[in-house]
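Participant:
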RNA sequence: GCUCAGUUCGUCUAGGGGUUAGGACGUGUCCCUUUCACGGACAAAACACGGGUUCGAUUCCCGUACCGAGUACCA
């Protein structure tokens, strides 16, 4: 097994890429890079009915945002293309293999209509058959090339009648394979059915297409969701039937991402229900806006935080370290450390990761978020000022949009004051201190810096024999309009002396009657 | 129903025949403090159940329960 590691991510373009899909892509990517191999993307668009315009572009954008870099794909190209199954079908790639299986007696034509299949199911259910399916037993009662006379089969085929190709599942045979995460899996063929390999529209089903493509594209490892585990035996059998067992990829079936309340797979509805996104990016459904969904990016998650969070959903490094860059993840990643059990989705952890990443970012970078939000609100601001504000606020910030939310008071001279704070904290002492402070400030000519401001203010407070705690909240509300925020001295320094003087004056005037009214 | 998986604090998990079963998120209390946060400290909180194997099982085996996935001419 000296083959170069080649893994694939194979989404179908049926809508926005789900967060579970992103995690699958991520694990594939980490694995490929860890082993110096390649990762490619293949679009599995064999179901034309479910094709959604824009989905492919969404997948591309989502992976790019996450920093998952593909070596080959429909849009990057590569030497194993085409990378869309619809195009591969046009190129005649699948038909020959289906035909080979039929010729070798490992698959057969079936002419049953939808109604006939439905009828069979009903009949079997009525007869209380344990598992009503098209299988080694029931195929004898259906219309297919195994039951029909040879010339009738030929006639039907020649007349252009619709047909599918089904695998001829052996009656009794143990199918076993090794899963990198779960160990040996053994399934008896009698529990499997004669899955359709080639649909009546000439398209292969996933089952055939993924085996043919993974073989042709020299895939060494198939890392995919656990929902594929039940059909893995079928895939293994297909490799065997096609004579490709020697180079069959190794399998790793990932644990599923579950709803926060633990009732099943995480789905789009859960995002709405629990108030968070289950998609990396905003998805706009052009036909039905109700199908649109918010994305982690738009919610304010940083891509590296999102990736770090996602990596830990079902995997851990076995150490106490929790913060990992993509490069560190690549180095630390092993399939052996992927868990077996389903993982419930906890958005709190995602928030925590985001907070950690915000804190670690340089102020210059964070300032761009504030600046952008300010611009949206037509507020002008010097980058230098934004950098200072952001530096002050970052400790209490989870999302980039918090800078604007928490920091608007830097830009809006308050016209209203938080009533709860005013009624509790606005008193004669505050008024007195503010008055002296105003006078002192006007006379002062030292640089308007936090330490100096603090010194001046404390001098006044102490001279009057007042306790700091009783007066600060009032001063804060006078200056910012609200009762909470970052260090007031720093806030004033950023505000600048003229603005501080104005605000003190305003507050003294606006709240004039409030002390007496008490 | 059947097949296949899985089961350690509320959640993500470490561990693994003998441990005070460890960490993180969240929660609570306290400290810091000009408030909110941040930070610090502490606390509550888990081996699904029943058999077996064993001197000893949370760990290994077998059952049961529960949970999940699959059971389409969807992927």
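In the numbering used here, the protein residues as written are 309 to 826. Just so you know, even glycine gets a beta-carbon here, dropped at the ideal spot from N, CA and C. Please read these numbers as outputs of a predicted model, since none were measured by experiment.
1) Under 7 angstroms Cβ to Cβ from residue 626, same chain only, skipping five residues before and after it: list those, please.
2) Just tell me which of 659, 747 and 549 has its CA closest to the CA of residue 813.
3) In chain order, which alpha helix (DSSP H) runs of at least 4 residues are fully inside the stretch 423–503?
4) What do you get for residue 326, buried or exposed, if any count of 16 or more other CB atoms within 10 angstroms of its CB means buried?
5) Spatial neighbours of residue 681 within its chain, please: C-beta separation below 6 angstroms, excluding the five flanking residues on both sides.
6) Pull up the distance between the alpha-carbon of residue 612 and that of residue 687, whole angstroms please.
7) Between which two residues does the alpha helix (DSSP H) containing residue 537 stretch?
8) Tell me whether residue 424 is buried or exposed, calling it buried when 16 or more other Cβ atoms sit within 10 Å of its Cβ.
9) If you follow the beta strand (DSSP E) that residue 562 is part of, which residue opens it and which one closes it?
10) Looking only at its chain, what residues have a beta carbon closer than 6 angstroms to the beta carbon of residue 478, apart from the 5 residues adjacent to it on each side?
11) Looking only at its own chain, which residues have a Cβ that is under 7 angstroms from the Cβ of residue 826, when we skip the five neighbours before and after it?
12) Sort 816, 324, 391 and 459 by Cα distance to residue 576 and report the nearest one.
13) Please classify residue 437: is it buried, with 16 or more other beta-carbons within 10 angstroms of its beta-carbon, or exposed?
14) Under 8 angstroms by Cβ, that's how I've got residue 710 and residue 791 pegged, so tell me the actual separation to the nearest angstrom.
15) Nearest to residue 736 by CA position, among 816, 563, 674 and 455, is which residue?
16) Can residue 532 and residue 332 be called in contact, C-beta distance under 8 angstroms?
17) Going straight from the alpha carbon of residue 471 to that of residue 574, what length do you get?
18) Go to residue 799, then tell me how far its alpha helix (DSSP H) extends in each direction, as first and last residue.
19) Do you know how far the Cα of residue 330 is from the Cα of residue 652?
20) Where does the unbroken alpha helix (DSSP H) through residue 613 begin, and where does it stop?
21) When the Cα of residue 673 is compared with those of 656, 664 and 699, which residue comes out closest?
22) Indicate the three-state DSSP secondary structure (helix, strand or coil) for residue 506 in the structure shown.
23) Just reading off the beta strand (DSSP E) that residue 314 is part of, what are its end residues?
Facilitator: Considering the structure as presented:
1) Contacts found: 645.
2) Nearest C-alpha to residue 813: 747.
3) Counting only runs of 4 or more, we get 458–466.
4) Here residue 326 is buried, its C-beta having at least 16 other C-beta atoms within 10 Å.
5) Once the five neighbours on either side are set aside, the close Cβ partners of residue 681 are 712.
6) Between residue 612 and residue 687, the C-alpha separation is close to 29 angstroms.
7) Note, residue 537: premise wrong, no alpha helix (DSSP H); not H, not E.
8) Exposed, since its Cβ has fewer than 16 Cβ neighbours within 10 Å.
9) Residue 562: member of the beta strand (DSSP E) spanning 558–562, first to last residue.
10) Residues 497 of the same chain have their beta carbon placed closer than 6 angstroms to that of residue 478, with the five preceding and five following residues left out of the count.
11) Model confidence at residue 826 stands at a pLDDT of 44, short of 50, so the residue's coordinates are unreliable; what they give is reported in the following sentence. Once the five neighbours on either side are set aside, residue 826 has no close Cβ partner at all.
12) Ranking the options by Cα distance to residue 576, first place goes to 324.
13) Counting Cβ neighbours within 10 Å, residue 437 comes out exposed, since fewer than 16 surround it.
14) The pair is not a contact, with the Cβ atoms about 17 angstroms apart (cut-off 8 angstroms).
15) Minimum Cα-Cα distance from residue 736 among the listed residues 816, 563, 674 and 455 corresponds to 816.
16) Residue 332 sits close to residue 532, with the two beta carbons spaced by under 8 angstroms.
17) Taking the Cα positions, residue 471 is about 36 angstroms away from residue 574.
18) Element bounds for residue 799: 796–803.
19) One Cα belongs to residue 652, the other to residue 330, and the distance between them is close to 16 angstroms.
20) Residue range 611–619 is occupied by the alpha helix (DSSP H) that includes residue 613.
21) It is 699.
22) For residue 506, the three-state secondary structure derived from DSSP is strand.
23) Residue range 314–317 is occupied by the beta strand (DSSP E) that includes residue 314.
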